[in-house]
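**Student:** One structure, pasted below without further comment.
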Ligand SMILES: Cc1ncc(C[n+]2csc(CCOP(=O)(O)OP(=O)(O)O)c2C)c(N)n1
């Protein structure tokens, strides 16, 4: 039972070189034919552009938070290939049940930058109506459910949604994202078990980014890997180099097709790394050595993707300069617009608690609107 | 006497008790090396090691369930739940197990567990980093519930809680973690569980508050004084079992009462306090008791300062009560 009972070793980039980890990109610029998702050149380039865009967004949003212009940001720096690759593997009818780190997937699926930024500012046009923290948006049009902070809750819901679709014979797969920390939550157990028992068309996508805030992944489990947890639930699982976008697309697509064909769920463990702090509220210097970050930096998903495209004549410095300028301007303009939008109207606080507003909330709303205003915000 | 904020005072209390009693263990998410996301356990990992200050896997049910087991064995666990908003995966263990162990075993067993957890809003935390779930625990027979408002009480109540024979929910108002500074004695002392404090004496209106809202109540009382209304402000400190004598005594004096809390109004602790006042001091009342609370909605992000029962909402209630 090697690999099951062994205590997990300290997580390092060399782990993604192991034989049991699916990889596609090779150092000579080719793709391993058995793990090549065979995507078009156009798709590869647009994924690269999307990756640059979310990397830049991360940088800008951290800066905005530091300037006090937004309250919070939780980013995906270092995990972009895992997030975009898996989102790109979805078919149009498939659904995402996200954690809080996958704004790249939402944007890829069609959420507008404007909408995302409205949530970051919690303004009147925020899809969550300014009620939730930044990075807690919702986008039904992108088949992307609403984000909540409690860890793991979305996992079981993804199973239930897929179960519902299966019962109605609808060709639809759900993919749920979660960090490796969430594998310790109640809902990981419930989700894995129900998905396997009822063979729901679900993809369990675990971003193993090495950390749950300050807790390293090796303290989260005594299993040698997170993927191995599938064994006990009777669910096939796979480990993939999460910083290799081609490999991520391949394993996710295989899992989706398998689910769609009626063979049930798959657990994917994407080996990646949280290059930044947990969020803007966190200072990783307090608990992790810089050299680990430097080591993982050598496997940076963006750099590797670019190198691959360049070796295949699909990318060059001139294109990069043009892209950087274009995306930078796009983000700046969108921020300028979102920042000017007013905060939500006071009355909106009492809406959507129920479908219609009951007497007690009407009463409380009237009392609040007629009452004095708090200091220090521009409510109107 | 050293000046401390609440984070330092709680940290000091934990260190003191861990030195004094080797059975005390801390467990939770990020409580170890990094000292907790609010740094309340900072330095304790270095002093006491990873067998007494334990970073756990990400499972509140696991944390509280294991704490119960440790307590049954004879340790004195002080688990931390990173935000009280995330206590619900452990709710089964707390409600079905922790609260009932003594009763259901005919007193054969008891569970001495102190669950520390930050509560409250006003820190731009939105739905899931702002809630005040005290009434969900007060309602459960068998739990004591504490919520200090200052550094001195925080340390003293923590030490009293750890030495208490019953399980205690120790709510730490995170909005004033660093703002509430004051003199804190170096050594050992306790603040008795079940005792409120009159933080301002007055004759016209009793304002009952706790935690971060105490300061809003005091601010409103100051403004009311400028308008000729003399408020008595009560800091409950222990929510359950509440200091009913202190409440009744004050209401008998003033005949008017305003209860303030962050949690939603409906079935909030204010409802119980008003009911108790009606039962025990009805004939002394000169005005209907009032509640100034969070609204019956999830805790909002952008409009959080409009949601909270801050001084600007307490003052009109105080004036209305006084003029009734
Ligand atoms: C039930 C619950 N407990 C605690 C938290 C506080 N918290 C927020 S993120 C986090 C770590 C999550 O780690 P992981 O699941 O690995 O995801 P990552 O952030 O690394 O993507 C914790 C403990 C929470 N949000 N929900």
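Protein chains in written order, with our numbering: chain V, -19 to 360; chain X, 8 to 331.
Ideal placement from N, C-alpha and C gives every residue a C-beta, glycine not left out.
On a predicted model such as this, the values are computed, not experimentally measured, just so you know.
Short of 8 Å in beta carbon distance, which residues of its chain neighbour residue -8 of chain V, apart from the five on each side in sequence? Order them along the chain.
**Tutor:** Once the five neighbours on either side are set aside, the close Cβ partners of residue -8 of chain V are 272 and 275.
**Student:** For the structure I just gave you, are there three or more beta carbon pairs, one from the segment 48 to 64 of chain V and one from the segment 258 to 266 of chain V, closer than 8 Å?
**Tutor:** Yes, the segment 48 to 64 of chain V is in contact with the segment 258 to 266 of chain V.
**Student:** Going by other Cβ atoms of all chains shown within 10 Å of its Cβ, with 16 needed for buried, is residue 301 of chain V buried or exposed?
**Tutor:** Label assigned to residue 301 of chain V: exposed.
**Student:** Residues of chain X with a CB under 7 Å from the CB of residue 344 of chain V: which are they?
**Tutor:** Those within 7 Å of residue 344 of chain V in chain X are 302 and 303.
**Student:** Rounded to a whole number of angstroms, what is the C-alpha to C-alpha distance between residue 157 of chain X and residue 45 of chain V?
**Tutor:** Using only the alpha carbons, I get a separation of about 30 Å.
**Student:** Within 8 Å of any Cβ in chain X, is that where the Cβ of residue 242 of chain V sits?
**Tutor:** So, not an interface residue.
**Student:** Quick one, are the C-beta atoms of residue 316 of chain X and residue 223 of chain X less than 8 Å apart?
**Tutor:** In this structure, residue 223 of chain X lies closer than 8 Å to residue 316 of chain X by Cβ.
**Student:** Do residue 268 of chain X and residue 112 of chain X count as a contact pair if the criterion is CB distance below 8 Å?
**Tutor:** The answer is no: Cβ separation not under 8 Å.
**Student:** Could you confirm whether any beta carbon from chain V is found closer than 8 Å to the beta carbon of residue 314 of chain X?
**Tutor:** Closer than 8 Å: yes.
**Student:** Considering Cα atoms alone, identify which of X:32, X:252 and X:246 is closest to residue 278 of chain X.
**Tutor:** Checking every option, the nearest Cα to that of residue 278 of chain X belongs to X:246.
**Student:** Could you tell me whether any Cβ in chain V is nearer than 8 Å to the Cβ of residue 144 of chain X?
**Tutor:** Cβ-Cβ to chain V under 8 Å: no for residue 144 of chain X.
**Student:** Could you give the DSSP three-state label for residue 319 of chain X: helix, strand or coil?
**Tutor:** Correct three-state label for residue 319 of chain X: helix.
**Student:** Report yes or no: is there a C-beta of chain V within less than 8 Å of the C-beta of residue 5 of chain X?
**Tutor:** In the structure as shown, chain X begins at 8 and stops at 331. Residue 5 of chain X is therefore absent and cannot be evaluated.
**Student:** Buried or exposed for residue 182 of chain V, please, with buried defined as at least 16 other CB atoms from any protein chain shown within 10 angstroms of its CB.
**Tutor:** Residue 182 of chain V comes out buried.
**Student:** Assign residue 63 of chain V to one of three DSSP states: helix, strand, or coil.
**Tutor:** Reduced to three states, the DSSP call for residue 63 of chain V is helix.
**Student:** Would you verify that the beta carbon of residue 76 of chain X is, or is not, closer than 8 Å to some beta carbon of chain V?
**Tutor:** For residue 76 of chain X, the answer is no, since every Cβ of chain V falls outside 8 Å of its Cβ.
**Student:** Name the chain V residues that come within less than 9 Å of residue 273 of chain X, Cβ to Cβ?
**Tutor:** The contacting residues are 340.
**Student:** List the residues of chain V whose Cβ lies closer than 9 Å to the Cβ of residue 52 of chain X, in chain order.
**Tutor:** What residue 52 of chain X touches in chain V: nothing, since even the nearest Cβ is about 10 Å away.
**Student:** Pick from V:103, V:153 and V:87: whose alpha carbon is nearest that of residue 121 of chain V?
**Tutor:** Taking only the C-alpha atoms, the option nearest residue 121 of chain V is V:87.
**Student:** Between the beta-carbon of residue 239 of chain X and the beta-carbon of residue 273 of chain X, is there less than 8 Å?
**Tutor:** In this structure, residue 273 of chain X does not lie closer than 8 Å to residue 239 of chain X by Cβ.
**Student:** Roughly how many whole angstroms lie between the Cα atoms of residue 15 of chain V and residue 101 of chain V?
**Tutor:** So the two alpha carbons sit approximately 41 Å from each other.
**Student:** If we cut at 8 Å on Cβ distances, does residue 62 of chain X have a partner in chain V?
**Tutor:** Yes, its Cβ sits closer than 8 Å to a Cβ of chain V.
**Student:** Can you confirm whether the segment 194 to 204 of chain X touches the segment 39 to 56 of chain X when touching is taken to mean that 3 or more C-beta pairs between the two stretches lie within less than 8 Å?
**Tutor:** Touching, no, given that fewer than three Cβ pairs across the two stretches are closer than 8 Å.
**Student:** Quick check: what's the CA-CA separation for residue 173 of chain V versus residue 231 of chain V?
**Tutor:** When rounded, the distance between both Cα atoms is 21 Å.
**Student:** Using 8 Å as the cut-off, can you tell me whether the segment 137 to 144 of chain V makes contact with the segment 215 to 223 of chain V, which would need three or more C-beta pairs spanning the two stretches below that distance?
**Tutor:** Touching, no.
**Student:** Is it true that the CB of residue 134 of chain X sits closer than 8 Å to the CB of residue 112 of chain V?
**Tutor:** Yes, these two residues count as a Cβ contact at 8 Å.
**Student:** Beta carbons nearer than 7 Å to chain X: which residues of the segment 159 to 179 of chain V have them?
**Tutor:** Taking 7 Å as the Cβ-Cβ cut-off against chain X, the residues of the segment 159 to 179 of chain V that qualify are 161, 162, 164, 165 and 166.
**Student:** Taking DSSP as the reference, what is the three-state secondary structure of residue 360 of chain V?
**Tutor:** Low confidence applies here, because residue 360 of chain V scores a pLDDT of 35, under 50, leaving its location unreliable and the question unanswered by this model.
**Student:** Could you name the residues of chain C that residue 319 of chain X contacts, counting a contact when the two beta carbons are closer than 9 Å?
**Tutor:** The displayed structure is made up of protein chains V and X, and chain C is not among them.
**Student:** Just curious, the beta strand (DSSP E) that residue 84 of chain X is in, first and last residue?
**Tutor:** Note, residue 84 of chain X: beta strand (DSSP E), 83 to 87.
**Student:** When the Cα atoms are used, what is the spatial distance from residue 58 of chain V to residue 198 of chain V?
**Tutor:** Those two C-alpha atoms are separated by around 19 Å.
**Student:** So, helix, strand or coil for residue -17 of chain V, using DSSP?
**Tutor:** Per-residue confidence for residue -17 of chain V stands at a pLDDT of 49, beneath the threshold of 50, marking its modelled position as unreliable; no derived number is given.
**Student:** Please report the straight-line C-alpha distance between residue 84 of chain V and residue 28 of chain V, rounded to a whole angstrom.
**Tutor:** Between residue 84 of chain V and residue 28 of chain V, the C-alpha separation is close to 12 Å.
**Student:** Would you grab the beta carbon distance between residue 327 of chain V and residue 349 of chain V for me? Rounded to a whole angstrom, and I think it's under 8 Å.
**Tutor:** Correct: roughly 7 Å between the Cβ atoms.
**Student:** Is residue 310 of chain X close to chain V? Criterion is C-beta to C-beta, closer than 8 Å.
**Tutor:** Output row for residue 310 of chain X: interface = yes.
**Student:** Under 7 Å Cβ to Cβ from residue 220 of chain X, same chain only, skipping five residues before and after it: list those, please.
**Tutor:** Cβ neighbours of residue 220 of chain X beyond the five flanking positions: 267, 268, 269 and 316.
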